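Novice: Quick note on numbering: the working numbering labels position 69 of the sequence shown as 842, and the sequence is numbered without any gaps. Glycine included, C-beta positions come from ideal geometry on N, C-alpha and C. Treat the numbers as computed from the prediction; the structure is a model and nothing was measured.
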Amino acid sequence: MRFSEIYAGSLPSISFELFPPNTDKGIKELEERLPKLISLSPSIITVTYGAMGNTREKTLEIASMIKNQYGIDTAHHLTCVGSSNSEIEKILNDIHDNGIENIVALRGDPPKGQTSFVKPENGYGHANELVSHIVDHGGFDVAVAGYPEKHIEAVDWQSDLTNLKAKVLNGADLIITQLYYDNEDFYRFVDSCRSFGINAPIVPGLMPILNTDQIKRITSMCGATIPVQLLKKLEDASSDKSRVHEIGIEHTANQAIDLLQHGVPGIHFYVLNRYFHIAEIMDRIKPTLTMNK
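#1: If we ignore side chains and look at the alpha-carbon of each, how far apart do G944 and S812 end up?
#2: Out of Y1043, H1050, P883, D1009, state which residue places its alpha-carbon closest to the alpha-carbon of E1019.
#3: Please say whether I1022 and T1061 have beta carbons closer to each other than 8 Å?
#4: From L980 to D955, what does the alpha carbon distance come to, in whole angstroms?
#5: Just to confirm my understanding: we take G826, look at its own chain, exclude 5 residues before and 5 after, and list those with CB closer than 8 Å. What are they?
#6: In the DSSP assignment, find the alpha helix (DSSP H) that holds H910 and state where it starts and stops.
#7: Check G996 in the structure and name its three-state DSSP category.
#8: DSSP state of N956, grouped into three classes?
#9: Excluding the 5 residues preceding and the 5 following H924 in the sequence, name in chain order all residues of the same chain whose CB lies nearer than 6 Å to its CB.
#10: Hey, I937 and G912 are a contact pair by Cβ (cut 8 Å); roughly how many whole angstroms apart?
#11: Can you tell me where the beta strand (DSSP E) with L979 in it begins and where it stops?
#12: Of all the CB atoms in chain B, is at least one closer than 8 Å to the CB of G996?
#13: Output needed for I839: all residues of its chain with C-beta closer than 6 Å, excluding positions within five of it in sequence on either side, in chain order.
#14: Spell out a yes or no on whether the stretch 996 to 1014 and the stretch 966 to 976 are touching, meaning 3 or more CB-CB pairs, one atom from each, closer than 8 Å.
#15: Take D877 and list the residues in its own chain whose beta-carbon comes closer than 6 Å to its own, dropping the five residues that flank it on each side.
#16: Kindly indicate the opening and closing residues of the alpha helix (DSSP H) around D867.
Printed below as a string of structure tokens:
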């Protein structure tokens, strides 16, 4: 099924995001966890795309495995980084040949060692251009990224929403948000999008907190914030890993329950290739999820 079918059907829908490990050990561990993650019944699983190197090929390998071995709908992430138009065309053909019908289209972050994004030769510098290429190619539904707290490189909200609207006008079917930790940021973002004439479905993206230092680093890189009270809880419990684990699960579960009660079309979980934390979150939200279907 395509995004447009998944999010027009029995709502809300749950999606998981995985990343392709860059070691054989990591690949083996992910392969062992996949059946457990799939047992949690996500509607679709997306697989991220590395800036450079062999993880690009692993994206297709993992996405194809999910789709063709386990029969679960999947989405292949694709970025503008390091690819010419003709290379993107080949990648799209390979994705299509593996039976994958959904793509998450992103500009992408600069490769390691680069401080700013550089447009590839004969390639694209913006996600809306990539969206147009995918739509012109045909055969895919496309999701794009939205930023509840504004993209870190955007000069203001107006320019950020203008960029997002361009992606939707160029054919994007769905918006999946960057991680965030205060649902009020998401609700304001949705209201702003609707007022700006952006009418595509908007799915909130949630990343459970597993480690305080890790989440501080991730949020600082992407421009997201950690609410003051949540950060205090995490720092007060920093020496107790099990307590940090519980705080993270509790916060994400409460976020998800509130979102479901507000009628979101789905929730996208950044599961970080882990199982036990997302299993516990899914268990906690199951009554609300079932009630809203």
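Specialist: Quick answer:
#1: Rounded to the nearest angstrom, the two C-alpha atoms are 32 Å apart.
#2: The candidate whose alpha carbon is nearest that of E1019 is H1050.
#3: Not a contact, by the Cβ cut-off of 8 Å.
#4: Sequence inspection shows Met at residue 980; the Leu mentioned does not correspond to that position. If you take the alpha carbons of M980 and D955, they lie about 12 Å apart.
#5: Note on G826: pLDDT 49, under 50, position unreliable in the model; no value is reported.
#6: 900 to 910
#7: Shown here, G996 sits in coil according to DSSP, grouped into three states, outside any helix or strand.
#8: Note: N956 maps to helix in three-state DSSP.
#9: Correct list, in chain order: D933.
#10: Correcting the residue identity first, residue 937 is Leu in this sequence and not Ile. Actually they do not touch by this definition, with Cβ atoms about 24 Å apart.
#11: That run of the beta strand (DSSP E) goes 975 to 979.
#12: Although the question refers to chain B, the structure presented lacks it and comprises just one protein chain.
#13: I818, I845, T847
#14: no
#15: The residue asked about is misnamed: residue 877 is Val in this sequence, not Asp. Taking C-beta separations shorter than 6 Å and ignoring five residues to either side along the sequence, the partners of V877 in its chain run T819, A848, H850, A916, following chain order.
#16: 858 to 870
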